[in-house]
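Student: Pasting a structure below so you can have a look.
Residue numbers (the working numbering): 47 to 161.
Okay, here's the thing in structure tokens:
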């Protein structure tokens, strides 16, 4: 019963927020609001230059590996449990998954900065 109440509350709140965002008036963009602010000086160039895709790929790779390493942080506390084999097998699985991911990135030349 408690799970159903929680799910209905979340669904109702999400629907309400989507409805409010849909019906709110869209703000109009003025040229002053959309231009970059440079401390009162005239802009030196356009701030809307294309950005290298390599930066995004490196950032996404970092986030993926960082989040997977964060899964290993509770490992010292897992040594205090009765089921140590299960914790070690899970840690071994995560480490092997990280190693396979790193090998795949390396083989696909995702770690090389210059082409």
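Glycine included, every Cβ here is placed at the ideal spot set by N, Cα and C. Owing to the predicted nature of the structure, the values given are computational and were not obtained by experimental measurement.
When the Cα atoms are used, what is the spatial distance from residue 112 to residue 106?
Tutor: Using only the alpha carbons, I get a separation of about 10 Å.
Student: Just curious, the alpha helix (DSSP H) that residue 148 is in, first and last residue?
Tutor: Element bounds for residue 148: 130 to 153.
Student: At the level of alpha carbons, what is the spacing between residue 115 and residue 61?
Tutor: In a straight line, the C-alpha of residue 115 is about 35 Å away from that of residue 61.
Student: Assuming residue 96 is part of the alpha helix (DSSP H), what are its boundary residues?
Tutor: Per DSSP, residue 96 belongs to no alpha helix (DSSP H) and is neither H nor E.
Student: Starting from residue 59, follow the alpha helix (DSSP H) in both directions and report where the run begins and ends.
Tutor: 48 to 69 is the span of the alpha helix (DSSP H), which, as asked, contains residue 59.
Student: In the DSSP assignment, find the alpha helix (DSSP H) that holds residue 122 and state where it starts and stops.
Tutor: It spans 121 to 124 - the alpha helix (DSSP H) in which residue 122 sits, taken as one unbroken run.
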